[in-house]
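Take 1 as the starting number for the sequence shown in this note's numbering and just add one per residue. Here the structure comes first, spelled out in structure tokens, and everything after it is commentary.
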Amino acid sequence: MGSRLLNIQRRTAEHGRLRTGYTQGNRPVRSANWVVTSHSEDHVRRAAELWGGNPEQWQPLNSTISQWRVITKAPSIEALITPGDPLNQYNEMWSKGGCQRRCDGETELLTRQPCLCARQFGESWHLQKKGAVCSTTSRLNVMLPDLSGMGMWRAETHSFYAAQEWGGMVDMVLAGTDGKGFIPVTLRIEPRQRVANGETKKFPVVVVELRGVTPRQALAGPMNAATALDPAGSSRAVAAIEAPRPDYLAEARGSLTPDDVRDVWRKARAAGHVDPKGSDDLSKELMAIAEQMETETAGPDADGAYPAEIVDEPTPAEWPAVAQPGSAA
């Protein structure tokens, strides 16, 4: 393997953003479905094919560079959490001049002072009017396996409640995987409401859920890429491996007739446990049991009687002609 510079952080390119809102003119609008934005027209058009919507050119507020976006019809999309720590969370305040505050919840990192919002408004500072305090900002870097490119997509939310859930979810996964391997997840926009001071407030929250794997699998250690890319297929394969095969030989030996043994073989064939041409060992053993039964039932019993032979009854056309009286034989 080649070498790497040790004094810089390695990261993949960012292909675009996953947003929970969009702008109409200068007015922000919340979206119940994902909004995919990127500088790449190809990425956005592919997203539209997967999740619906009409691709369009779009210019973010306070930017002179146009991008592409699609307001999809999908409230949930499939993604992968990649190796490393994919989550960054800060309390931030932005203006046209850039980031004015960036706080880790205790210390405002730009001025190295204690949290300014908590000092001014107390523990419930996040309930203050937007713009008066920092916004709780969570950025989750994920890979979208069905879009081209090996880069990352950034899902961002300013929800105080989503920040709590994202942190808890990601930390549990990292505890099980040590930041190694991929984890399949679903990013879902979930509508919620909160009642406080007699007022009902409705808002969307982005939920990060495990996709196609159980907590046991996710926390058991690093997951290989094949399982993460197709967790449903891997689960079916594991189930097939773990499922015990019926004891066809015991069932055949308990059968009463050779035809019953052949039925056992047909059942094994339907389950994919024997070769349809009968060339495998299990088929040969079942055939031997059927042949042995045929040999044992061919001779007379203890009383000297032979088993009754069942034949097809002839049709009228096959009946022999019966001579009429006075006719020539």
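Every residue gets a Cβ at the ideal spot worked out from N, C-alpha and C, and that includes glycine. Only a predicted model underlies this, so the values are computations on that prediction, with no experimental measurement involved.
Residue i: buried (16+ other C-beta within 10 angstroms of its C-beta) or exposed?
i	result
R45	exposed
K211	The sequence shown places Arg at residue 211, not Lys. Burial call: buried.
S148	exposed
E108	buried
S279	exposed
T12	exposed
S3	exposed
A308	Annotation note: pLDDT 49 at A308 (below 50); position unreliable, no value reported.
I65	exposed
M223	buried
H15	buried
V133	buried
Q217	buried
S124	exposed
R101	buried
A226	exposed
P184	buried
A271	exposed
M143	buried
A250	exposed
S283	buried
Can you check which of these residues, the options, is closest to residue i by C-alpha distance?
i	options	result
L129	L140, G21, C117	The residue you asked about is not Leu; residue 129 is Lys in the sequence shown. The shortest Cα separation from K129 among L140, G21, C117 belongs to C117.
N197	Q113, L127, L50	L127
L80	T200, V170, P191	V170
L140	P114, L229, R19	R19
W265	V195, L286, P75, N88	L286
N54	A74, L61, N62, P184	A74
V35	W153, S63, G131, P114	W153
T37	L50, P60, R101	P60
T72	A32, Y161, V173	A32
C99	L174, V70, G131	G131
L50	K96, V70, A218, P215	V70
R194	R102, E56, Y161	Y161
G25	E41, N62, A47	N62
V208	M172, D281, G52, T200	M172
A252	P215, P276, L219, E291	E291
Q89	S95, K96, D104	D104
M150	P215, W58, T82	T82
For chain D, check one thing: does any of its Cβ atoms lie closer than 8 Å to the Cβ of residue i?
i	result
R69	You won't find chain D in this structure, because it holds only one protein chain.
Hey, quick one: how far does the alpha helix (DSSP H) through residue i stretch, first residue to last?
i	result
R45	41-51
V170	160-177
T72	Where T72 is concerned, there is no enclosing alpha helix (DSSP H), given that its DSSP letter is neither H nor E.
L249	248-253
C117	116-121
What distance in whole Å lies between the Cβ atoms of residue j and residue i, which are believed to be in contact at a cut-off of 8 Å?
i	j	result
L187	I289	Not really, about 56 Å apart at Cβ, beyond 8 Å.
G411	G221	This structure leaves residue 411 out entirely; the chain is present only between 1 and 329.
G21	R27	Not a contact, Cβ separation roughly 10 Å.
R17	E165	Not really, about 20 Å apart at Cβ, beyond 8 Å.
T137	E92	5 Å
E274	A268	Note that residue 274 is Val in the sequence shown, not Glu. V274 to A268, Cβ: 5 Å. Contact.
V213	P231	5 Å
G84	G179	5 Å
E294	P258	5 Å
P145	L87	With a Cβ gap of about 19 Å, P145 and L87 do not count as contacting.
F203	S135	About 13 Å separates the two Cβ atoms, so there is no contact after all.
H39	Q67	5 Å
State the start and end residues of the unbroken beta strand (DSSP E) segment that holds residue i.
i	result
A271	Premise fails: A271 is in no beta strand (DSSP E) and is neither H nor E.
P191	183-196
P222	Per DSSP, P222 belongs to no beta strand (DSSP E) and is neither H nor E.
P86	No beta strand (DSSP E) holds P86; DSSP gives it neither H nor E.
E156	152-157
N33	27-38
G16	14-24
V207	199-210
Q57	56-58
T136	135-142
L100	First, the residue type needs correcting, since residue 100 is Gln and not Leu in the sequence shown. Start and end: 98-103.
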